[in-house]
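Student: Chains as they are written, first to last, in this note's numbering: chain V, 373 to 705; chain H, 373 to 705.
2 protein chains.
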Amino acid sequence: MSRKIFVSAKEVADRAGVSRSAVSRTFTPGASVSEETRRRVIEAAEALGYHVNHLARGLMRNESGIVCLIVSELDTPYRASLIRALTGQLQSASKIAMLINTDRSDDSVDQALRQAISYRADASIILSGMPDRSITDLCLKSGQRLVLINRDEDREGALMINLNDRDAARRSFIALLRAGCRNFAFANSEAMTPSLMAREEGFRAAGREHGLEVTVERFGSTTYQSGAVLAQRLLTREKRPDAIFCVNDLLACGLMDAARHQFNLVVPSELCVVGFDDIEQASWSSYNLTTFAQPVDRIAAEAVAWLDQVTPVQMNSRRLDADLIWRGSVRGG
Amino acid sequence: MSRKIFVSAKEVADRAGVSRSAVSRTFTPGASVSEETRRRVIEAAEALGYHVNHLARGLMRNESGIVCLIVSELDTPYRASLIRALTGQLQSASKIAMLINTDRSDDSVDQALRQAISYRADASIILSGMPDRSITDLCLKSGQRLVLINRDEDREGALMINLNDRDAARRSFIALLRAGCRNFAFANSEAMTPSLMAREEGFRAAGREHGLEVTVERFGSTTYQSGAVLAQRLLTREKRPDAIFCVNDLLACGLMDAARHQFNLVVPSELCVVGFDDIEQASWSSYNLTTFAQPVDRIAAEAVAWLDQVTPVQMNSRRLDADLIWRGSVRGG
DNA sequence: CTGCTTGTTGCACTCGCTTGCAAAAATAGG
DNA sequence: CCTATTTTTGCAAGCGAGTGCAACAAGCAG
Numbered sequence: 373m374s375r376k377i378f379v380s381a382k383e384v385a386d387r388a389g390v391s392r393s394a395v396s397r398t399f400t401p402g403a404s405v406s407e408e409t410r411r412r413v414i415e416a417a418e419a420l421g422y423h424v425n426h427l428a429r430g431l432m433r434n435e436s437g438i439v440c441l442i443v444s445e446l447d448t449p450y451r452a453s454l455i456r457a458l459t460g461q462l463q464s465a466s467k468i469a470m471l472i473n474t475d476r477s478d479d480s481v482d483q484a485l486r487q488a489i490s491y492r493a494d495a496s497i498i499l500s501g502m503p504d505r506s507i508t509d510l511c512l513k514s515g516q517r518l519v520l521i522n523r524d525e526d527r528e529g530a531l532m533i534n535l536n537d538r539d540a541a542r543r544s545f546i547a548l549l550r551a552g553c554r555n556f557a558f559a560n561s562e563a564m565t566p567s568l569m570a571r572e573e574g575f576r577a578a579g580r581e582h583g584l585e586v587t588v589e590r591f592g593s594t595t596y597q598s599g600a601v602l603a604q605r606l607l608t609r610e611k612r613p614d615a616i617f618c619v620n621d622l623l624a625c626g627l628m629d630a631a632r633h634q635f636n637l638v639v640p641s642e643l644c645v646v647g648f649d650d651i652e653q654a655s656w657s658s659y660n661l662t663t664f665a666q667p668v669d670r671i672a673a674e675a676v677a678w679l680d681q682v683t684p685v686q687m688n689s690r691r692l693d694a695d696l697i698w699r700g701s702v703r704g705g
Numbered sequence: 373m374s375r376k377i378f379v380s381a382k383e384v385a386d387r388a389g390v391s392r393s394a395v396s397r398t399f400t401p402g403a404s405v406s407e408e409t410r411r412r413v414i415e416a417a418e419a420l421g422y423h424v425n426h427l428a429r430g431l432m433r434n435e436s437g438i439v440c441l442i443v444s445e446l447d448t449p450y451r452a453s454l455i456r457a458l459t460g461q462l463q464s465a466s467k468i469a470m471l472i473n474t475d476r477s478d479d480s481v482d483q484a485l486r487q488a489i490s491y492r493a494d495a496s497i498i499l500s501g502m503p504d505r506s507i508t509d510l511c512l513k514s515g516q517r518l519v520l521i522n523r524d525e526d527r528e529g530a531l532m533i534n535l536n537d538r539d540a541a542r543r544s545f546i547a548l549l550r551a552g553c554r555n556f557a558f559a560n561s562e563a564m565t566p567s568l569m570a571r572e573e574g575f576r577a578a579g580r581e582h583g584l585e586v587t588v589e590r591f592g593s594t595t596y597q598s599g600a601v602l603a604q605r606l607l608t609r610e611k612r613p614d615a616i617f618c619v620n621d622l623l624a625c626g627l628m629d630a631a632r633h634q635f636n637l638v639v640p641s642e643l644c645v646v647g648f649d650d651i652e653q654a655s656w657s658s659y660n661l662t663t664f665a666q667p668v669d670r671i672a673a674e675a676v677a678w679l680d681q682v683t684p685v686q687m688n689s690r691r692l693d694a695d696l697i698w699r700g701s702v703r704g705g
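1) Along the chain, which unbroken stretches of the beta strand (DSSP E) at least 3 residues long are found entirely within the segment 497–540 of chain V?
2) What residue range does the beta strand (DSSP E) around SER598(H) cover?
3) Just mark ASP614(H) as buried or exposed, buried being the case when its beta carbon has 16 or more other beta carbons within 10 Å.
4) Can you give me the Cβ contacts of ALA673(H) inside the same chain, cut-off strictly under 7 Å, excluding the 5 residues immediately before and after it?
5) Start and end of the beta strand (DSSP E) containing ARG590(H)?
6) Starting from the beta carbon of TYR422(V), find every residue of chain H whose beta carbon is closer than 9 Å, and list them in chain order.
7) SER689(V) bridges to which residues according to DSSP?
8) Using C-beta distances below 8 Å, list every residue in its chain close to ARG609(H), excluding the 5 sequence neighbours before and after it, in chain order.
9) Please classify GLN516(V) as buried or exposed, where buried requires at least 16 neighbouring CB atoms within 10 angstroms.
10) Identify every run of the alpha helix (DSSP H) within the segment 396–444 of chain V, keeping only runs that are complete inside it and at least 4 residues long; order them along the chain.
11) Between the segment 487–508 of chain H and chain V, which residues of the former have CB atoms less than 8 Å from a CB of the latter, in chain order?
12) Output needed for ALA719(H): all residues of its chain with C-beta closer than 8 Å, excluding positions within five of it in sequence on either side, in chain order.
13) Report the neighbours of ASN473(V) on chain H: residues whose CB is nearer than 7 Å to its CB, in chain order.
14) Can you tell me whether DSSP reads ASP680(H) as helix, strand or coil?
15) Which residues of chain H have a Cβ atom closer than 7 Å to the Cβ of TRP678(V), listed in chain order?
16) In whole angstroms, what separates the C-alpha of SER544(V) from that of ILE414(V)?
17) At the 8 Å Cβ level, is PRO449(V) part of the contact set with chain H, yes or no?
18) Measuring only the C-alpha atoms, how far is MET569(V) from ASP621(V)?
19) For ASP629(H), return the contacting residues in chain V, with the cut-off set at a CB-CB distance below 9 Å.
20) Keeping to the same chain, check which residues put their C-beta closer than 8 Å to that of LEU548(V); ignore five residues upstream and five downstream.
21) For ALA577(H) and ARG523(H), I'd like the C-alpha separation in whole angstroms.
22) Whose Cβ in chain V lies nearer than 9 Å to the Cβ of GLY647(H)?
23) Should GLU572(V) go down as buried or exposed, given a rule of 16 or more other Cβ atoms within 10 Å for buried?
24) Could you compute how far the alpha carbon of SER384(H) sits from the alpha carbon of THR400(H)?
25) Please state if the CB of VAL390(V) and the CB of LEU412(V) are separated by a distance shorter than 8 Å.
26) Please list the terminal residues of the continuous alpha helix (DSSP H) segment that includes ALA452(V).
27) Could you say if the segment 648–655 of chain H and the segment 627–634 of chain H meet the contact criterion of at least three C-beta pairs nearer than 8 Å?
28) Would you say GLN604(V) reaches chain H, if we count a Cβ-Cβ gap shorter than 8 Å as a contact?
29) Can you find the residues in the same chain that come closer than 7 Å, C-beta to C-beta, to GLY446(V), ignoring five residues on each side of it along the sequence?
30) Taking Cβ positions only, does LEU607(H) come closer than 8 Å to chain V?
31) The beta strand (DSSP E) spanning ASP649(H) covers which residue range?
32) Is it right to say SER658(H) is buried, meaning 16 or more other beta carbons lie within 10 angstroms of its own, or is it exposed?
33) For the segment 662–679 of chain V against the segment 630–638 of chain V, are there 3 or more C-beta pairs whose distance is under 8 Å?
34) Use the C-beta contact count for MET432(V): other C-beta atoms within 10 angstroms, 16 or more gives buried, fewer gives exposed.
35) Looking at the strands, I want to know which residues DSSP matches up with MET470(H).
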């Protein structure tokens with residue numbers, strides 16, 4: 373197993389009969405090289421299988437082209453689809469994604485972040501639910517650009533992408549009202565992240581405006597399992613809700629399953645349900661869930677476009693709309 | 373916006389009153405430094421917020437600590453959970469994951485791969501369904517270690533991790549037989565990857581051994597939607613199957629939903645279904661699917677352990693067992 | 001005190017690339 | 001054909017680290 377696998381610019385230069393700088397310039401957009409030289413360099417590079425060493429380049433240029441994706445619970449449907457969109461678009465912009473998994477609570481997170489910094493990542497995109505401020509601090513302090521998705525945190529110098537959660541919640545209320553529902557409930561987790569709370573507050577506010585009471589129940593994390601528990605709690609009330617807005621689809625699926633299989637309720641005639649995220653499962657015929665679509669492609673596009681800008685605008689925030697996807701879990705439509 | 377954000381070893385050395393090499397050695401495990409010097413260096417580093425520059429280190433050592441995850445359709449439940457496991461364990465092993473998304477068919481894939489090579493990744497882990505041999509060739513040629521998951525490809529110098537698909541298929545057949553089923557079918561996609569085909573062949577072989585016919589139907593890609601189409605094709609046959617082994621859970625979910633909602637069949641009394649992967653949705657009460665669990669943590673552990681080895685064993689292959697998870701989509705149990 | 005081993009330290013070179021600078025070559029103007 | 005201007009090119013100095021080598025200090029036996 374002989375090492376020495378990579379060819380260096382020197383070797384390409386020798387083969388092409390030019391200087392090492394010429395090779396470097398050939399692969400640097402906008403540098404001054406004659407057409408003839410460029411051709412010969414490219415040819416030699418091709419023949420030798422040369423690839424610019426990004427480690428060395430990053431070292432010189434002081435920018436690596438690496439973007440960190442800081443994520444927890446990345447196998448959650450919404451997260452996964454966002455990651456898919458982000459990696460795709462980053463690649464199209466000639467950047468590359470490093471994935472940092474913040475699931476484990478031990479210090480491997482901290483270590484991973486340190487790694488990211490050690491690789492001199494140009495930016496970090498945070499889609500972790502974990503509201504650990506020290507992480508964002510560290511990123512900013514080490515000169516990275518920062519993108520916060522659905523965190524509603526106020527961070528100077530970062531791009532903040534959020535949804536119109538409050539407005540979506542209001543639209544959800546109106547849709548349920550039009551469907552003839554009268555007993556409204558909101559099923560939330562105890563995660564209490566800003567975007568989840570905005571949905572809750574928006575829904576409550578809409579209730580207030582219409583002079584209707586809204587029952588709110590919170591439990592556990594934002595999962596299918598919590599949905600089942602919330603169903604238990606909400607559907608055993610004396611005044612059983614006939615409309616439940618769930619803080620996300622995963623929870624909605626759990627709630628619907630419990631409503632059907634444990635309480636024998638028929639959706640939507642006896643119970644209307646609205647979710648949030650529009651994960652793939654929402655469209656499955658067992659759920660056929662009316663929900664709000666996270667504009668993952670838009671989110672990814674905004675993030676990548678902002679990273680591509682040369683001048684880092686100081687304060688920046690985008691608020692995107694979530695489209696209501698009408699399906700069968702609400703009457704009418 | 374003044375640049376110059378990072379502190380270098382030189383600055384730490386000055387502050388600690390030692391030479392730059394001392395700093396370097398302090399952060400190199402196994403190097404010779406006195407306790408006293410190390411203490412002072414660490415202290416200075418801490419105070420200045422120093423992080424070893426991995427770009428530079430990688431340049432010298434000729435190994436970057438970067439591992440590429442080459443994935444397509446990464447928002448698929450099984451893939452996502454595998455990525456979660458892999459990133460987690462890589463981090464614990466002080467490596468870091470770069471994510472390469474091979475969804476787009478244009479040359480952005482090629483470009484991304486080139487990027488990975490340019491960053492001198494130490495290894496690539498391929499979980500892409502895409503059987504593009506040129507990708508694996510390129511990785512190997514640029515001196516990377518290679519891990520192939522569920523691809524059953526014979527690749528010298530790579531670690532191949534596969535499941536006992538054939539055996540699982542056989543166990544599935546026996547379980548269905550014991551449940552009293554007599555008309556067996558296998559629902560496959562047209563992806564025709566080795567591991568999917570092994571499941572099909574295993575199931576067919578088991579049928580042959582028991583002198584029972586197995587209907588095989590293949591359609592589209594391995595998704596929920598294909599499951600619905602396959603249900604249509606299989607359940608309209610004159611001899612309607614009462615046992616269907618689906619090549620994976622996603623497809624099984626689609627098939628079950630169609631069987632129930634379009635054909636009004638009751639699972640498991642009129643139709644038994646077995647899936648593969650044990651994705652989260654399989655445990656949802658709407659499906660309650662009997663299935664085989666992909667040992668994602670084992671897979672990730674094997675991969676990471678192999679990457680940690682110093683001596684690259686030439687030919688290496690692991691075959692892991694998939695545990696049968698008994699749930700309610702098969703009678704008895 | 002001398003000779004020898006063991007452990008630390010700093011110098012200087014190296015990794016592969018970018019880039020300012022000045023020399024060389026090509027082009028234009030007269 | 002000569003000078004002035006514009007490219008193009010090579011030289012060499014970095015970027016931030018790792019490491020072989022030799023110098024040096026400390027510890028110990030004789």
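Every residue gets a Cβ at the ideal spot worked out from N, C-alpha and C, and that includes glycine.
Tutor: Well, looking at it:
1) 517–521, 530–535
2) First-last for SER598(H): 596–607, but that is the alpha helix (DSSP H), not the beta strand (DSSP E).
3) buried
4) GLN461
5) 586–590
6) Under the 9 Å cutoff, chain H gives no residues; its nearest Cβ is about 10 Å from TYR422(V).
7) MET532(V)
8) THR587
9) buried
10) 407–420, 426–433
11) GLN487, ALA488, ILE489, SER490, TYR491, ARG492
12) Nothing about residue 719(H) can be read from this structure; chain H reaches only from 373 to 705.
13) ARG456, THR459, GLY460, GLN463
14) helix
15) Within 7 Å Cβ-Cβ: nothing; TRP678(V) doesn't reach chain H, min ~16 Å.
16) 58 Å
17) yes
18) 15 Å
19) TRP656, SER657, SER658
20) PHE556, ALA615, PHE617, CYS644, VAL646, VAL702
21) 21 Å
22) Here the premise fails: no neighbours, minimum Cβ distance about 14 Å.
23) buried
24) It is Val, not Ser, that sits at residue 384(H) in the sequence shown. Spanning the two alpha carbons is a distance of roughly 15 Å.
25) Rather than Leu, the amino acid found at residue 412(V) in this sequence is Arg. Contact: yes.
26) 449–464
27) no
28) no
29) Per the sequence shown, residue 446(V) should be read as Leu rather than Gly. Hits under 7 Å: ALA452, ILE455, ASN473.
30) no
31) 644–649
32) buried
33) no
34) exposed
35) MET470(V), CYS440(H)
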